[in-house]
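First comes the structure, then the notes that go with it.
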Amino acid sequence: MFTYLASASPLHRLNPSAKLLALALVAAGATLAFDPFVPAALLVGLWLTTWIVGKAPFFRMLRWSLPILLLPLPLVIFTALYADLSRFNAPTILWEWGPWTLASEGLLIGLGLGLRVSCFMTTSLLFITTTDPTDFAVSLIQNLKVPYRFGYGVLISYRFLPLLRTELETIRFAHKVRGVGRHTGILGRWQDVRRLALPLLASAIRNSERTALAMDAKAFGAGSERTYYRQMKVRPRDGLFLVAVIAFILVVYAVAIRSGVADLQWIPGA
Amino acid sequence: MPWGRSGSLTRNEARLKLDHGLIQVEHLTVRYPKSEVPALADVSLTIERGETVLLLSPSGGGKSTLAHILSGLIPQDIYAFVEGRVRVGEIDPTTAPPGRVAAQVGLLFQDPESGFATLTVEDEIAFGLENLQVPPGEMPSRIRHSLEQVGLPDLKGRRLDSLSGGEAQRIALACLLAMSPPVLVLDEPTANLDPASTREFFSILAGLGRSHTILLIEHKLDACLQLANRVILLDTHGRLTAADEPGRVFELNREVILDAGIWMPDDMAGPSLNPDSGVTREPPPAMAVLPAVQIEDVTFAFPRQPPVLRDASLNIQRGSFFALVGPNGSGKTTLARLMMGLLPSPAHGEIRIFGDPLERLTLADLTERVGFVFQNPEHQFVTNTVRDELAFSLNARHWPETEVEGRVAELLSRFELVDQESQNPFTLSQGQKRRLSVATMLAVGQRMLILDEPTLGQDRRTTLALMESLSALNRQGVTILIITHDMWLVGSYAQLVAVLLHGRTAFVGPPHVLFEDNDLMHSARLA
Chain A
11 MFTYLASASP LHRLNPSAKL LALALVAAGA TLAFDPFVPA ALLVGLWLTT
61 WIVGKAPFFR MLRWSLPILL LPLPLVIFTA LYADLSRFNA PTILWEWGPW
111 TLASEGLLIG LGLGLRVSCF MTTSLLFITT TDPTDFAVSL IQNLKVPYRF
161 GYGVLISYRF LPLLRTELET IRFAHKVRGV GRHTGILGRW QDVRRLALPL
211 LASAIRNSER TALAMDAKAF GAGSERTYYR QMKVRPRDGL FLVAVIAFIL
261 VVYAVAIRSG VADLQWIPGA
Chain B
97 MPWGRSGSLT RNEARLKLDH GLIQVEHLTV RYPKSEVPAL ADVSLTIERG
147 ETVLLLSPSG GGKSTLAHIL SGLIPQDIYA FVEGRVRVGE IDPTTAPPGR
197 VAAQVGLLFQ DPESGFATLT VEDEIAFGLE NLQVPPGEMP SRIRHSLEQV
247 GLPDLKGRRL DSLSGGEAQR IALACLLAMS PPVLVLDEPT ANLDPASTRE
297 FFSILAGLGR SHTILLIEHK LDACLQLANR VILLDTHGRL TAADEPGRVF
347 ELNREVILDA GIWMPDDMAG PSLNPDSGVT REPPPAMAVL PAVQIEDVTF
397 AFPRQPPVLR DASLNIQRGS FFALVGPNGS GKTTLARLMM GLLPSPAHGE
447 IRIFGDPLER LTLADLTERV GFVFQNPEHQ FVTNTVRDEL AFSLNARHWP
497 ETEVEGRVAE LLSRFELVDQ ESQNPFTLSQ GQKRRLSVAT MLAVGQRMLI
547 LDEPTLGQDR RTTLALMESL SALNRQGVTI LIITHDMWLV GSYAQLVAVL
597 LHGRTAFVGP PHVLFEDNDL MHSARLA
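Here the protein sequences line up with chains A and B, keeping their order. Its first residue numbered 11, the first sequence is counted upward by one per residue in our numbering. Its first residue numbered 97, the second sequence is counted upward by one per residue in our numbering.
As C-alpha cells, this is what we get:
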C-alpha cells in the first residue's frame, strides 16, 4: 500500500535500524494506554513528522490516511458493543438493543483500540515512505547483525512484489480473453482465485529459481563474510532522534495523566 | 580441496595441462536425476585463452548444461550425475568453492531482470564484488570502469526496474566484468532483445577483444557470427558433433544443423529460408476488401502517466497477415490489449472490430471474433488437462456436448496434440504449450488471431512450426496480427507491417519497403 518516496529529507538520512527502534518505542507507547487520547496524539505526531520532516507530498499522505483510519473501524464497533462494562459503576448507556449495549465507556475503549491499530499503521507509513529498501537491508545486516542471507531476502521481496503484480495482471488478462473471471458467488470467486494461483505460483517459483541461480553464480553465500559497498553507520543524529522520540512519548503521557484522560490499566489504581 | 578431482595429478603434469588451454573438458557426461538419457555425453573439448567460441545445439541438447557445469552451478546448485574431468584455469568448477569459481567464470543469463538481486545499478554491480570480499574502497572505481566497458557510464544511480531490456542486459554484463573473471559464459544473452539492442550488445562483446575467453550460446547467428573464431556443435543427444572454425562447421554440417532446428546464418541457410530471396507465398483467398480491425486516431494513457498511444491509426483487412513492430515501450502491447477490450476505452479515437465499435461488443462477442495469444502460454491455461483446455470456451458458450467432442477431436489432431490429450498443460514441452495456446484461441471459430511476441526465446524448429501453422490458418481466411521483434519473421511471413514509434503509426506497408527505409529501421530499433 505505502511506497518508498525517494528524497533527501532528515528522516531519509537516519540510520534505518535506529529509526526502526524509535518506531518500536512509539508502538509500545501506543500499546500501553487504553484511552483514545494517547494513540491519537502519537498518531498525529507521526503523521506530522512524516509530512513535514520526511517531506512526503501532502495529497499522497491524505490518500494513505484514509485506509489508516477506516480499516480499524469494524474493530472499534465490535469492541464498543462487547466491552466489559462491569468495572464501571454507572456506565453511561447510549443505546440498547437485545444483547447489545453501547455505552460511552465502551465506545472509548473501542476507539482506543482502533486508534492503536491506526497508530501501528502510521509507524509503518513513516518507515516505508522514508527508508531506502537497500539501506534498510544493509542496516539490518551491519547494525542489527541479522544474517546476511536473511537481509537479502528482505531486499529481494522488495524486487519481487512489483514483478508479481505485473505478472498477475497479465494472467488476469490472459484468463479474461479465455472467458474466465465472470463468476459470481463465493464458490465461483474461489474457483477464479484458484485458476489464477497456479500460473502465478508457477512463474513465481520459476523466477525465484532463476534469481537464486544468478545470485549463486555471482558467489552469493560463498563465504561467511562479505564486504559492503554501502556503509550504514550509527551517527549522533540517530541518538538525537531516539531521544526526541522518547521525549515526545513522555510528554504525551504526562499530558494525558495530568488532564485525567489516560486509561492505564497496568498501573494499579490508575 | 581446490584441486578437485585432478588432485592425483602431479604439479608438473597440471602445469603442462594449464598451458594447453584455459578450459578443458575431458569425457564429460552429465545426466539429470529424472532423465534416462544424458544431457551431455562423453564431451571432450579445449578452449584456449582469448578465444570466442559459439556453442550450438538443438533445444535440450545440453548447451545450458555445459554453461552450468563451467560456472559451477552443476552439481553444486542443480543436482546431476557428473562424470569426466572439467578444468577452468586452475580450478575444477564442479568441486571448487563457489567464490573461486565466480572469480574464474562469469555466467550471463537470458533474462537479466530475474537475475538481479538488488534495486539499483550500482548496488547490483557491487553485489558480486561484495561476495568476492573486495574492499569497499576499491568498489567505486571498479563499478565506474565496468559501466564504461558496457557503454553506459551515466547509469550508476538508476533503478534497475527503469532500464530497457537492452540496458538491463548490458548492466548484467557489467556486473560480471566488474568481478573480472577471465572466462565469460553467455547463455542466449540476446534472446529477449530487439534487433538494435542485439547489435549493440554484440559490439560491446567485440570491444572486449581478446581480454576474455568467451563461450557464447546464441540463436541469432547472423548477429554474432563474426565474433566467434570457433563453433562447437552438439547434437540432440549431447554428443560433440563438430568443433572447428565457423565456415567449416556450417559447410560440413548444414543438414545436421537445419535438422536440429538451429537458426542458420542467412547467407548459408539456403534460398528457402532467406526473406530477401523473393519467396512467393500462396496469396490468401480473394476476399472482398472488408476491414477486420479499424483503429482511428486512438490516444490512450494509463492514469497519471504520459500517453502511450498518440493518434495511432491502423487498418487491418480481413484475411491479411499483418505484423506490428516497434521499439520497447512504443505501445504495441497496449494497442493489442485495447483491441481485445482489456483496457479502459481510449480517451480519444475509435476502434472497430469486424465493423462494430468496440464499446458495443461484450467480452463474449469479442472473444468469439478474435483470439489473443500471450507471450507465455502458461498464463492462458485454466484447466488440468489438454482436452478440458480445448473444451473450456466451448462449454462456457454452452455448445451441445456432441459438438464439443467433435470440435476438440478436430483441434487435437490439427495441432498434433492427440497423444497429450489427458496430460496437464503445464507439463507439456514448449512447442506443445505454444500449439495448445493457439488451438484454444481458435476453438470457437475465431476469425482473427492476435499474437503478442509468440516466438520470443524459442528455437528455430518451434518458431517455424508456429509460423507455418499461422500461415496455413491465414490461407484458410483467418486474419493474423503478430507483434514481434524478429525481422526475419516479418520478411518471411507478413504481407503488411506497421511500425509504432512513440505511440504513433510511423509506417504501414509491405515489409520489403520498410526494410529499404534505413532511417526508420534505425529509429525504430529494428536494425
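Every residue, glycine too, gets a C-beta built ideally from N, C-alpha and C. Computed from a predicted model, the values in this text were never measured in an experiment.
**Q.** chain B contact for His22 of chain A (CB, 7 Å cutoff)
**A.** no
Q: Taking only runs that begin and end inside the region 227-291 of chain B, name each unbroken alpha helix (DSSP H) of 4 or more residues, in chain order.
A: 235-245 and 261-274
**Q.** From B:Ser489, B:Phe488 and B:Gln471, residue whose alpha carbon lies closest to that of Glu549 of chain B
**A.** B:Gln471
Q: Could you tell me whether the region 394-406 of chain B touches the region 428-445 of chain B, where touching means 3 or more Cβ pairs closer than 8 Å?
A: yes
Q: Could you list the residues in the region 214-232 of chain B with a C-beta less than 8 Å from some C-beta on chain A, going in chain order?
A: Close to chain A, meaning a Cβ-Cβ distance shorter than 8 Å, are the following residues of the region 214-232 of chain B: Thr214, Leu215, Thr216, Glu218, Asp219, Ala222, Phe223, Gly224, Leu225, Glu226, Asn227, Leu228, Gln229, Val230, Pro231 and Pro232.
Q) Using a Cβ-Cβ distance under 7 Å, would Gly198 of chain A count as near chain B? A) So no, Gly198 of chain A is outside the interface.
Q: Tell me, please, whether the region 117-127 of chain A touches the region 35-53 of chain A by the rule of three or more beta-carbon pairs shorter than 8 Å.
A: yes
Q. Just the Cα atoms here: how many angstroms apart are Leu15 of chain A and Gln152 of chain A?
A. 23 Å
Q.
In whole angstroms, give me the CA-to-CA distance for Met583 of chain B and Ala292 of chain B.
A. 11 Å
Q. When you compare each of A:Ile103, A:Ser17, A:Ala43 and A:Thr59 to Leu260 of chain A by their alpha carbons, which one comes out closest?
A. If we check each option's Cα against that of Leu260 of chain A, A:Ala43 comes out closest.
Q) At a Cβ cut of 8 Å, what residues of the region 432-466 of chain B count as close to chain A, listed as they run along the chain? A) Arg433, Met436, Leu438, Leu459, Ala460 and Thr463
(Q) For Met617 of chain B, report the span of its alpha helix (DSSP H) as first-last. (A) Asn614 to Ser619
**Q.** Sheet register partners of Met544 of chain B (DSSP bridge)
**A.** B:Val466 and B:Thr575
Q. What are the boundary residues of the alpha helix (DSSP H) that Leu79 of chain A is part of?
A. Phe68 to Leu80
Q. Just how far apart, CA to CA, sit Asp94 of chain A and Glu115 of chain A?
A. 10 Å
Q.
Counting only beta-carbon separations shorter than 7 Å, does Ile181 of chain A have a partner in chain B?
A. yes
**Q.** Through-space distance from Arg245 of chain A to Val253 of chain A, alpha-carbon basis
**A.** 13 Å
Q) Between Val540 of chain B and the rest of its own chain, which residues show a CB-CB distance below 7 Å, the 5 nearest in sequence each way excluded? A) Glu464, Ser489, Leu490 and Arg493.
Q) In terms of residue numbering, what span does the alpha helix (DSSP H) encompassing Asn472 of chain B cover? A) Segment: none, Asn472 of chain B is in no alpha helix (DSSP H) and carries neither H nor E.
Q: Please decide whether Pro209 of chain A counts as near chain B, where near means a Cβ-Cβ distance under 7 Å.
A: yes
Q: For my contact list, Met24 of chain A and Arg247 of chain A are in at a C-beta cut-off of 8 Å; report their separation, rounded to the angstrom.
A: Here residue 24 of chain A is Leu; the residue named in the question, Met, does not match the sequence. The pair is a contact, with the Cβ atoms about 7 Å apart (cut-off 8 Å).
Q: For Gly366 of chain B, I'd like the list of residues in its chain whose CB is within less than 7 Å of its CB, leaving aside the five on either flank, ordered along the chain.
A: Interpretation of Gly366 of chain B is limited by its pLDDT of 49, a score under 50 that renders its predicted location unreliable; no figure is taken from the coordinates.
Q) Is it right to say Pro607 of chain B is buried, meaning 16 or more other beta carbons lie within 10 angstroms of its own, or is it exposed? A) buried
Q: Show which residues of chain A have a CB atom less than 8 Å away from the CB atom of Ala198 of chain B.
A: Ala227, Lys228, Ala229 and Ala232
Q.
My output table needs one value for Ile412 of chain B: the three-state DSSP class, helix, strand or coil.
A. strand
Q: Report yes or no: is there a C-beta of chain A within less than 7 Å of the C-beta of Leu547 of chain B?
A: no
Q. Given a threshold of 16 other Cβ atoms within 10 Å of its Cβ, counted over all protein chains shown, does Glu263 of chain B qualify as buried or as exposed?
A. buried
Q | Residues in the region 114-146 of chain A having any Cβ partner in chain B nearer than 9 Å | A | Asp142, Pro143 and Thr144
Q: Pull out every residue of the region 476-503 of chain B whose Cβ sits closer than 7 Å to any Cβ of chain A, in chain order.
A: Gln476, Phe477, Val478, Phe488, Ser489 and Ala492
Q. Less than 7 Å separating the beta-carbons of Gln172 of chain B and Ile187 of chain B?
A. no
Q.
By the DSSP assignment, the beta strand (DSSP E) with Val389 of chain B in it spans what residues?
A. Pro387 to Phe396
Q) Thinking just about the alpha-carbon of each residue, which of B:Pro249, B:Gly211, B:His123 and B:Val281 is nearest to the one in Ser167 of chain B? A) B:Val281
Q: Compare the C-beta of Leu31 of chain A with all C-beta atoms of chain B and state if any pair is closer than 7 Å.
A: no
Q: Kindly list, in the order they appear in chain B, the residues whose Cβ is closer than 7 Å to that of Glu235 of chain A.
A: Gln229
Q) So which residues of chain A does Leu169 of chain B contact, with C-beta pairs closer than 7 Å? A) Leu223, Asp226 and Ala227
Q.
Looking at chain B, is there any beta carbon in it that lies within less than 7 Å of the beta carbon of Val187 of chain A?
A. yes
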